[in-house]
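J.: Okay, handing you the structure first.
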Amino acid sequence: MSYESKLTDAQIEANFKQAAEQYAAFGVDVEKAVDKTLEIPISLHCWQADDVGGFEVKDEAVEGGGIMATGNYPGRARSGDELRQDIDKVVDLLPGPHRLNLHAFYCETDGEVVDRDALEPKHFAKWIDWAKASNMGIDFNPTYFAHAKANDGFTLSHSDKTVREFWIQHGIASRQISEAISKALGGEVVNNHWAPDGAKDHPADRWTPRERLVESFDAIFDEKLGIGPECVDAVEGKLFGLGMEDYTVGSNDFYANYALSRNKLLCLDMGHFHPTESIADKISAHMAFHEKLLIHTSRPIRWDSDHVVVLSDDVRNVFLELARNNAIDRMYLALDFFDASINRIAAYVIGTRATRKALLYGLVDPSEYLQKLECEGKLAQKLGLMEDMKTMPFSAVWDMCCLKSGVPVGASWIAEIEAYESGVLSKRN
Ligand code: RNT
Ligand code: ZN
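Using the numbering used here, the first residue of the sequence shown is number 81, and each one after it goes up by one.
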């Protein structure tokens, strides 16, 4: 079986030239779109290669606890070194710049038990060194799940003050670590807070946990801590989780208001809403009030299943929305999917390439043309043109992105993943 692209570089150039003319007829500059696509960093989640497991050394075994990857495909990364090796491979197959999105429980503590409230920048030194060497930025996430103190479903909104304080300390530690990463690598570090808090069945009190969550976050974000603005804190809401079907303390409404009133970044995850809702429609509503947004691309099937991102209407619509209002520079872009049922490295490549493809798809939209038609009341013409854009030679523009970045064109990356599977992943079990 061959996955090779049959196109020579000269053919890719020629196809691109032809496509450029077709897009130019509708006022689209594809050269510019390619350059812009290759400028935007995508934050590559570290948790796809090990099924959201982390590398903590623990006193006691912890069951599940908030998030679960399904599947048992061989080759899971079992250590920081294996995970870094996997991500190096992934990045080689992806066009454009990337950051690494690290979770606190990927700390490396040399065999020592270090609880979440005691984590320090030194526990991420290997990640920082690796990022320096790979010329990659890092983003961060406190881990408010997969822990004995999260097992009854509450963390920052817990009724027990000592439990809340433990998690507040963890939140503060995550900000200090983010600040240290920023000092080591330069630039901003997005620190995204998602907490699983919620209840399986009708709570008799939906109010008090939300009030406590406000208080806890206010303590984590207290200005007196003196943490600098390079640590860009985000908050991520959610509709429900497994075992938390009735009530999620940190819903999207909760965090949208929290973020706005506290000048924090709001994170919209594509899987965190009712399946008939789309974040594409929410972006302009939030952007009317927020300067920036953090987006987690994901693919919910029937529920927040975190399937590997593909070039679906949902993902394209998110980027069309951003492109149509020139808002690409107002978002931080991160990935959030995990699939343990297929080759995990291929999953990374498919989902990340799909996300960048969608970004490019948005940037080659003839937005001005469409908006003019709409203004003039030519709604059938607008719909007709929108429809026709779907079969424009988009692949020629995407191939140029890959060629320009020196990464495999078309599906030819699959052969590299197969070689990596037989050479590296298959030896892990
Ligand atoms: C959970 C949230 C969150 C996590 C990561 C691992 O539903 O989407 O972003 O997936 O923090
Ligand atoms: Zn998410």
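Yeah, the Cβ is synthetic: ideal placement off N, Cα and C, and Gly gets one too.
None of the values given here were measured: they were computed from a predicted structure.
Kindly provide the chain-ordered list of residues whose Cβ lies closer than 5 Å to any non-hydrogen atom of the ligand ZN.
T.: Those residues, listed in chain order, are Asp-349, His-376 and Asp-416.
J.: Do Thr-377 and Ala-414 count as a contact pair if the criterion is CB distance below 9 Å?
T.: Going by C-beta atoms, Ala-414 is nearer than 9 Å to Thr-377.
J.: Given Met-324, which residues of its chain have a CB within under 7 Å of its CB, disregarding the five upstream and five downstream residues?
T.: Answer for Met-324: Gly-233, Pro-276, Gly-278, Ala-279 and Lys-280, listed in chain order.
J.: Using a Cβ-Cβ cutoff of less than 6 Å, which residues in the same chain neighbour Glu-84 once the five nearest sequence positions on both sides are dropped?
T.: Closer than 6 Å at Cβ, skipping near neighbours: Ser-492.
J.: Once DSSP output is grouped into helix, strand and coil, what is the label at Met-411?
T.: Strand at Met-411.
J.: Heavy atom of the ligand RNT less than 8 Å from the Cβ of Met-272, yes or no?
T.: Here residue 272 turns out to be Asn, not Met, going by the sequence shown. The answer is yes for Asn-272.
J.: Check each candidate in Trp-210, Gly-431, Ile-430 and His-387 and name the one with the smallest Cα separation from Asp-419.
T.: Among Trp-210, Gly-431, Ile-430 and His-387, the Cα nearest to that of Asp-419 is on His-387.
J.: Mapping DSSP to helix, strand and coil, what is Val-269?
T.: Strand.
J.: Based on Cα-Cα distance, which residue from Ala-205, Leu-400, Ala-495 and Leu-463 lies nearest to Asn-423?
T.: The option with the nearest alpha carbon to Asn-423 is Ala-495.
J.: Under 9 Å between C-beta atoms, does Arg-410 make it to chain C?
T.: Checking the listed chains, one finds no chain C in this structure; it contains a single protein chain.
J.: Is Ser-502 a contact residue of the ligand RNT, with contact defined as CB to any heavy atom under 8 Å?
T.: No, Cβ of Ser-502 sits at least 8 Å from all heavy atoms of the ligand RNT.
J.: If you draw a straight line from the alpha carbon of Ala-470 to that of Glu-454, how long is it in whole angstroms?
T.: For the sequence presented, residue 470 should be read as Lys rather than Ala. Roughly 18 Å between the two C-alpha positions.
J.: Would you report the Cα separation of His-366 and Leu-400, rounded to the nearest angstrom?
T.: Using only the alpha carbons, I get a separation of about 16 Å.
J.: Judging by CA-CA distance, which residue of His-238, Leu-180, Ser-239 and Thr-223 is the nearest neighbour of Trp-210?
T.: Selected option, being the one with the closest Cα: Leu-180.
J.: Comparing C-alpha positions only, which one of Ala-141, Gly-155, Val-114 and Pro-177 sits nearest to Tyr-412?
T.: It is Pro-177 whose Cα lies nearest to the Cα of Tyr-412.
J.: Tell me, which residues are paired with Trp-383 by DSSP?
T.: Bridge partners of Trp-383: Ile-381.
J.: Tell me which residues share the same chain as Lys-372 and place their Cβ nearer than 7 Å to its Cβ, disregarding the 5 neighbours each side in the sequence.
T.: Taken in chain order, the residues that qualify are Leu-345, Arg-410, Met-411 and Tyr-412.
J.: By the DSSP assignment, the alpha helix (DSSP H) with Met-233 in it spans what residues?
T.: Reading the sequence as shown, one finds Gly at residue 233 and not Met. Premise fails: Gly-233 is in no alpha helix (DSSP H) and is neither H nor E.
J.: What residue range is occupied by the uninterrupted beta strand (DSSP E) comprising Gly-217?
T.: Counting along the chain, the beta strand (DSSP E) containing Gly-217 begins and ends at 217-221.
J.: Can you list, in chain order, the residues of its chain with a C-beta nearer than 6 Å to that of Ile-408? Leave out the 5 residues immediately preceding and following it.
T.: Excluding sequence neighbours, Ile-408 sits near Leu-402.
J.: With a 10 Å radius around its C-beta and 16 neighbouring C-beta atoms as the bar for buried, classify Asp-161 as buried or exposed.
T.: Result: exposed.
J.: Along the chain, which unbroken stretches of the alpha helix (DSSP H) at least 4 residues long are found entirely within the stretch 338-376?
T.: Taking only runs of at least 4 residues, the alpha helix (DSSP H) segments lying wholly in the stretch 338-376 are 359-367.
J.: Met-81 to Glu-498, Cα distance in whole Å?
T.: Whole-angstrom Cα-Cα distance: 11 Å.
J.: Please tell me whether Val-312 and Glu-268 are closer than 9 Å, where the distance is taken between their beta carbons.
T.: In this structure, Glu-268 lies closer than 9 Å to Val-312 by Cβ.
J.: Closest to Leu-505 by CA distance: which of Gln-98, Phe-96 and Ala-129 is it?
T.: Selected option, being the one with the closest Cα: Ala-129.
J.: Can you check DSSP and say which residues form a bridge with Met-324?
T.: Looking at the DSSP assignment, Met-324 forms a beta bridge with Gly-321.
J.: Considering only the beta carbon of each residue, do Ala-438 and Val-477 sit closer than 9 Å?
T.: No, the pair does not count as a contact, with Cβ atoms beyond the cut-off.
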